[in-house]
Amino acid sequence: MSKMKKLITLLAIGLSASLAFAQQRPVITGFDKPSTTVGETIVISGSNFPTSTASLQVNFGSGKANVVSTSATEIRATVPATATYGPIAVTDLSSGLVGYSSQYFTLSFGGSSFDTDALDTRLDFATNQQNTYDLCNCDFNGDGLLDVAIANNSSANVSVFQNVSTVSTSNFVQVTSINTIDNNLKPVNTVATECFDLNGDGLPDLVFSSEERTSKQIFIYENTSSGGTISFNPLTPFALPLDNDGNSLGPRVFKLSDLDLDGKPEIIVSQTANFINEIFIYRNTSNGGISFDSSNPIRIAVTGANKTGTLDIADLDNDQLPDIVTAPYASASSRVFILKNSSINGSISFGSTTTLSTSATWLNIQLADINNDGFNDIVYNSTSAVRIALNSGTTGNFNFSASDESSFSVPGAFGLAAGDINGDGNIDIAVSSTANNITILENLGTSTPSPSFTISSVSTDFNTRNVQIADYNGDAKPDIGFTHRSEDTAFGFFSVLINRNCISPVISPSGLTFCTGSTFTLEATNSINTTYNWTTSGDVTLQSQTGNEATFVVNSGTSATITVGITTTDGSCTTSKEETFTLTGGTPPAAPTITNSNAGTICAGTEFTLSAPSGQEEYLWTYPDGTTASTETITISDASVNNAGDYTLRIKPAGGCYSNVGSLSVSVDQPPIISIANTGEDLVCANSSTTLQVPDYTGYSYQWKSGGSNVGTDSNTLSVSSTGDCTVTITSETTGCSFTSASQSITSYSVPSPSISVASEICTDVALSFDASASTGQTGATLAYSWDFGDGSSGTGVSPTHAYSNAGDFTVTLTTSYSDLNSCSSSTTQVITVSNPPSNNDIIGLISPNPLTTEKCPEDALTLTLPSGYQSYSWSFNGSEVSTSNTVDVTTNTNQDAVDVTLDVVTDIGCTVENTVVTVNNFANSGFDFSSPSGTFVNDSLELTENANLVSVTVSNGTDFSWSPADLLDATSGTTVTVYPRNRVSVLTVTGTDNAGCTNTSDVTVITPGVIARKSFSPNGDGIGYECWEILNSDNLQGCAVYIYDEKGSIVLKANSPFTDNCVWNGNVNNGSTPAPAGVYYFVFKCEDSSLNQTGSILLAR
């Protein structure tokens, strides 16, 4: 599948275009010889040719040809000496419309190697203007000599030189009248010039551009020459559009070419303003007089360029449409850009830009077929080198690869010109240079792996700026003309190097056997302003001589040597060639009749076979382009217009001699070569279409196909909406011959189906995730997603997120398209409800049961429940999380009236509500009340008074009390109990039913202050009273001793602290096994901490 390309299509159809449609321009489909010498006849094939020579003019580049014959489909014209390298032009003088060949013609002169010493001494013709810059060659006055126009870049005048040269003497006379005009029409500070027939009257007109100085305009001079006198009528100049800042754009290099094949050349202008990467095209609206749509230029953007400034135009892919090659002039690290022409009549359009790989500071571009493969290549230069990019394209497609580029060092290189300087049929390159020379790249005719050149140079006195290759002295040998001394502070010159390189003659036919007594004709290389001297050795008589042909008769002998000498009229060259021929007796056979297998119209692309009389020993065929064959038949398997022309044949019977020449003229009908242009994109949506188009030719029908099936007829356009490879066949309604274009691939994408997956509700300021992954589209294509969130915000991608800052209902729109086809899209919507977060009170109101109206028993847990489905729950108490579900069990201590639980939630729509405090209350009258005469209650702790030994505790606010532990109590039920503390801290547990009806269990903590000695004990094992005399809080006491005495003062026990479980005396003497008698005893407790010292009595009961 080809990549999508967007065509820049600009339509401008006016009266002139309508007239062009009414009368079709001449169409050149080809010619038989791409290169030959002066005076040779060229067969030009095509259609819509004028059938009267009075209405016809043929030009080979700048040179006007002599028309031998014409028909609607074939013209025969002889090559003029003034032919320059370029297209052949056929002008219909009655309509003013011109047809141009895609292929360029090359004037050769039968030379071989190029010798700079064979150039005449340089001739300088003063312009008397500063900065003599550019030049062009045309025969302005129709005298058969090429005149010269000069652009002077630091002057208020241009220069035109009339050529008054002869073969031996070159001379130019300046035409001053061109500058004696209204100053408002005068070209000032011109930088480029071209001469071209703008209105189809057969006269070359003049165009200049001025840049970067006082005048930035395009100037047109209509040629009004007559009677040999050169004259021009200046038209009103026009300027390029202003830039965005209102500044004038400076036109620089421009070319003239018929871009849309309407028979009228447009002006295509480059410019040098930075950051304006455009080329400006001015449509030709001439109808008799010259006119252009100067106020509405077509602007073509050159993708990747920062400006333009230099360009050339030629057909690069042989689709008959001239393409544009451009580069930013003198801009560092720039590339060369190619714009493929996709125009049709009345509509100028260009496809996407192709870029050459090499970056440098480029100055000029010249398009030429360097390797003679029929496709124009690109020659371009920097200030130090000339590069050549070979075109390996096919019809309808040019192709340039970095591997097919080569570079040649030329110091100071500036201007470029193409032509056959050495006359061998290969295109050479002339390069002007600021290093004071002209450099010649002589093409040696090899192209694999890269072109091969011999480089030579001719020194000049000053810098050379631009250069041309053209015959200036009428000898049919291309000379070199150039602007010389291009300086702001000095007058410059138009300078000429006349080419005196010699012809290398060829005699044809060669190597043949002739019969004695018969006549035969030989032909030498054709030239003009030369004399031919034929000489013989042997018994051969020269019967007659006309130009380059001579007729001989053999009198006797077995061989003859014939020599031709060619001498130029100025005496600069004398060259010769000899051929030896075999002689035999007998009578030469009659000139053979050639039989064509295809007696009807020969269509291009078909096969035809030419047959000679059978039974001959030898055959000598000569094709129109000069190549030969020696078979009885010759077959052209894929005929083209290049195979049209005169085929000649000589035959030789066994033991005999060659016949005279038999000939057959062959015509090949080639419909116009067409290439499909897409006015839209190669990638289309199933619910839309694109229009394919080809040029519209009168007298032809059209058949479109897609995927091999017919889809449209009788129109040069086709609307396409489905995938397929499209072609169009153009068929002549007269001959039935057809041409089928290269295919244009169109790919159709199905309309995508968008799908939104997203929560329908969300909280403000919460990121909402959108998902379009369920969207569908064309298999293998990449979907693009565009979101409109309905609140003025947008997004892209398959899964964006978005937070809404305000509450409300918002309509979300998802548009799906394709990453490579934005125009193929579909949308769907969904409403999102956005809510503000609930308050803490709102959350409390959702709890069940409502904690504001619900109380509980202290011993019970209260289960609080929130609605399920929230994204998260967090219940916490005293900073610790106690539940992460929608429920929590809340408990309280028995001495608490209420407890606070903190709640954080994220609701089902993402609202975060934090720090909701939920208070759970016990019943107001729940719980027990405690009192004691032995101390003070603080909450549930009883702090005893000093020296309290027997403790009474009373419980109230309830019934059915039970107490524990029993070993510390005198009773385990009742409202009042006596407590016997064993440790400093003793814990009692009382269970009962409080006055709120709640089963309640409370702990009472009894705290004994200090160290306390018991008053009595009863160690008899009956479980009543204390079994051991205790000193409370002495189990961890250090540094104390206790002494116990009886009533007589005798010591009963001495012991040191600490005392396990506070037990000091078990009631036996010395804590042994002998019981002490019941009675009263006395103790002394003495400690290192004297504050603990005490004495007292002990009652021991048995």
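Converting from the sequence shown to our numbering requires adding 1 to each position, the first position being numbered 1. For every residue, glycine included, the Cβ atom is placed at its ideal position computed from N, Cα and C.
What's the gap between the Cα of residue i and the Cα of residue j?
i: D1036; j: V1065; result: 9 Å
i: F338; j: S676; result: 21 Å
i: A306; j: D246; result: 20 Å
i: L719; j: F50; result: 29 Å
i: T520; j: R651; result: 14 Å
i: V270; j: D318; result: 22 Å
i: S410; j: R466; result: 17 Å
i: Y874; j: A768; result: 19 Å
i: L322; j: A315; result: 8 Å
i: V168; j: N474; result: 5 Å
i: T354; j: T304; result: 6 Å
i: L815; j: S751; result: 17 Å
i: P625; j: N248; result: 56 Å
i: L543; j: S573; result: 26 Å
i: G700; j: I345; result: 16 Å
i: S210; j: T359; result: 29 Å
i: C1088; j: N1057; result: 10 Å
i: Y330; j: A414; result: 14 Å
i: N382; j: N373; result: 21 Å
i: N190; j: D429; result: 31 Å
i: P1076; j: L1101; result: 11 Å
i: A491; j: A127; result: 11 Å
i: G416; j: C139; result: 19 Å
i: D125; j: V497; result: 7 Å
i: F929; j: S1003; result: 7 Å
i: V468; j: G426; result: 20 Å
i: G31; j: D726; result: 28 Å
Apply the 10 Å Cβ neighbour rule to residue i and answer buried if 16 or more other Cβ atoms are within range, or exposed otherwise.
i: A23; result: Its pLDDT being 40, under 50, A23 is placed unreliably in this model, and the coordinates cannot settle the point.
i: D901; result: exposed
i: R486; result: buried
i: E882; result: exposed
i: V921; result: buried
i: Q1039; result: exposed
i: D324; result: buried
i: S95; result: exposed
i: T37; result: buried
i: N285; result: buried
i: G601; result: exposed
i: L364; result: buried
Residue i and residue j: beta carbons closer than 7 Å?
i: D909; j: Y871; result: yes
i: V1007; j: P982; result: yes
i: N599; j: L611; result: no
i: V799; j: A773; result: yes
i: I439; j: S457; result: no
i: E195; j: R253; result: no
i: S739; j: T728; result: no
i: Y805; j: T797; result: no
i: A82; j: A477; result: yes
i: D121; j: I499; result: yes
i: A760; j: Y819; result: no
Quick one: measure Cβ to Cβ for residue i and residue j, integer angstroms, because I've assumed they're closer than 8 Å.
i: T953; j: S963; result: Checking the sequence shown, residue 953 turns out to be Ser, not Thr. Wrong, their Cβ atoms sit about 17 Å apart, outside the cutoff.
i: T562; j: L584; result: At roughly 11 Å, the Cβ-Cβ gap does not stay under 8 Å, so T562 and L584 are not in contact.
i: F233; j: I179; result: 6 Å
- request: State whether the stretch 619-626 contacts the stretch 672-690, with contact taken as three or more CB pairs (one from each stretch) at a distance under 8 Å.
  value: no
Contact the stretch 73-87 vs the stretch 33-49: 3+ CB pairs below 8 Å: Contact holds: three or more Cβ-Cβ distances are below 8 Å.
- request: Determine contact between the stretch 294-301 and the stretch 93-112, defined as no fewer than three beta-carbon pairs at a distance below 8 Å.
  value: No: the two stretches stay apart, fewer than three of their Cβ pairs being nearer than 8 Å.
message: Under 8 Å: do the stretch 152-162 and the stretch 125-137 share three or more Cβ pairs, one atom per stretch?
response: Counting C-beta pairs closer than 8 Å gives three or more between the stretch 152-162 and the stretch 125-137, which meets the contact rule.
message: Across the stretch 529-547 and the stretch 178-185, are there enough close Cβ pairs to call them in contact, namely three or more that are closer than 8 Å?
response: As far as the Cβ criterion goes, the stretch 529-547 does not touch the stretch 178-185, which means the pair count is below three.
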